[in-house]
Amino acid sequence: MTTISPRIAQAIESIREDRAHGAGWLARDAANVITHAFDECPAQSATELLSCLREVGRALAQAQPSMAAVSNAAGAVVLAAEEKAASGLPAMRRAVLARARQIIDSWEKTSQRIVRRAEQALPRGSIMTHSYSATTFAILERLASRGSPIIATESAPLNEGKTTARLLARLGVPVTLISDAQAAAFMPEAAAVLVGADTVFADGAVVNKVGTCALALLARNERIPFYVATETLKVAPGRPTAHHQTPEERQPGLTIPTVYFDLTPARLVTALITEEGVFAPKDIRPLARRARQYRKALSL
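Reading the sequence shown from the start, the letters are residues 0 to 299 in numbering that gives the first Met the number 0.
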C-alpha cells in the first residue's frame, strides 16, 4: 500500500512527463517534492517517515531513469533526514529543508564555476553543440564573447538545439543552426564539440540527448576534442541497462520508435568539465561514491 499522497503523486508524474527541462531543473524539482512529501507523509515516527520518504524518492528516480541528478537530489535529501532520525521529527524536518535549499540555491554557483573552467579548457574557434542545457548555454555565451562562433544542431526529436540557437541569436551571438544530418559536413569547421549530460557513469560514459554519440563519433573521426559540461550531482554508479523511449508509433508494415537519450562511451570523451575540476573520463569514478550513498538512502 502506497504512502504517497495524491498531490505528491501528481508532482512526480509532472516530472515523469517533462520533456522540456534538463536534469538540473528536474533535480531541483525533485528536492522540492521530497520537502513537500515530508509534511504529507502519514507518519508517526522517524522510521515511518523515512519509509515514506524513500518511497517518494524511489518514485522520483523511476520517473526520470536517464537523469542521475533526479535520483541523486532525492537521495541527498532523504539521506539528510536519515542522519537526523535519532534526533526526532523536528530535527529531521530542519535537515530536509536545509539540504533541499542547498541543492536548489547552489545550482547557479555550480554553473558559474563550470563556465569558468570551460572557458579555460576549450580552445578558441568555432564550437559545435547539441541540444540545450542551462549550463552549456552559459558556457556558449561566454565563449562567444571571446569570439567563438557557435554551430548548433537542431537535436531532433523535440529540437532543443533550435532553442539554443534562437536564444544565442537574440543575444547577438554568431550562430549557425544545422540539421542533425548536416553534422558531418560542418564538423571540420569546429575547434571543439561541447555538450551537456543527463547522467555520467562511473567509467566516464555519458547519457545525453539522442544524437550525442553520433556527434562524438564524428568528432573522433575528425580528431576534434569532445567535451562534456556537467554538474557532479549528475554522476551515477553502474551502467545503464537500456535506452529509454516512448511507445512506438505503428502503421501497417512501419514502426517508428522515439528515442530521447543515447549513451556515449568514455573513449569518445576528451574531458568532463565539472564544478570540481576538469576530469579525464577514467578519473570520474571517485565522484560516483557519493551517488552510491544517495542510492543507498533510497534503498535502491
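All C-beta atoms, glycine included, are put in the ideal place defined by N, C-alpha and C.
Check	Outcome
Inter-residue Cα distance where the pair is Q111 and A133	11 Å
Y226 in three-state terms, based on DSSP	strand
Contact set for K67: own chain, Cβ-Cβ below 7 Å, skip 5 residues either direction	In the sequence as displayed, the identity of residue 67 is Ala instead of Lys. Same-chain partners within the cutoff: T198, K233, V234, A235, A290.
Strand pairing of G171, partner residues [DSSP]	DSSP, once it has assigned bridges, lists no residue as partnering G171.
Nearest-angstrom Cα separation, counted from V77 out to L52	6 Å
Nearest-angstrom Cα separation, counted from A184 out to S65	30 Å
Helix, strand or coil at N158 [DSSP, three-state]	coil
Alpha helix (DSSP H) segment containing L193, residue limits	It is not in any alpha helix (DSSP H) - L193 instead sits in the beta strand (DSSP E) that spans 191-194.
Per-residue DSSP class, three states only, for I14	helix
Boundaries of the alpha helix (DSSP H) in which P89 is found, first to last residue	88-120
Inter-residue Cα distance where the pair is V268 and L253	35 Å
Proximity to T263 [Cα-Cα], best of R219, V114, I255, L286	R219
V258 burial status per 10 Å Cβ neighbour count (16 or more: buried)	exposed
R15: CB within 8 Å of a non-hydrogen atom of the ligand MN	In terms of ligand content, the structure shown is empty, and the ligand MN therefore cannot be addressed.
Length-filtered (4 minimum) alpha helix (DSSP H) runs lying within the region 6-53	22-39
Given R116 as reference, the closest of E275, G146, Q63, A151 once Cα atoms are compared	E275
DSSP beta-bridge partners of F185	DSSP output for F185 lists no bridge partner at all.
Sub-9 Å separation of L297 and R92 beta-carbons	no
DSSP three-state assignment for K83, whether helix, strand or coil	coil
Buried/exposed call for R165, threshold 16 Cβ in 10 Å	exposed
Cross-strand partners of Q250 (DSSP beta bridge)	L253
Cut-off 7 Å between Cβ atoms - residues of its own chain near V95, not counting five sequence neighbours on either side	I33, T34, F37, V76, A79, A80
Any chain B beta carbon closer than 9 Å to A68	In the structure shown, chain B does not exist; there is a single protein chain.
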